[in-house]
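Before any comments, here is the structure.
Residue numbers (my numbering): 1 to 68.
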């Protein structure tokens, strides 16, 4: 979803290419016993979305996974 690519203050993302809707547009979402993180990524969608970013900086996530 690349964070919606075009974001406005207060409103947030204007659209998302995800079939799951705006809930998973970016960031962490907790679902029962599962955490899901959607990164804004570094690319641009082309599926009907403008190939631009506005107030949605690219990001690369680095995870540190530790055993229990």
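Where a beta carbon is used, it is the ideal one built from N, C-alpha and C, also for glycine. Treat the numbers as computed from the prediction; the structure is a model and nothing was measured.
Review point. What separation, rounded to the nearest whole angstrom, lies between the Cα atoms of residue 35 and residue 28?
Key: 7 Å
Closest by CA to residue 37, which one among 51, 62 and 17?
62
(message) Could you pull the DSSP bridge partners for residue 34 from this structure?
(response) 31
Answer yes or no: do residue 55 and residue 10 have a C-beta to C-beta separation smaller than 9 Å? no
For residue 24: DSSP bridge partner residues: None, per the DSSP bridge assignment.
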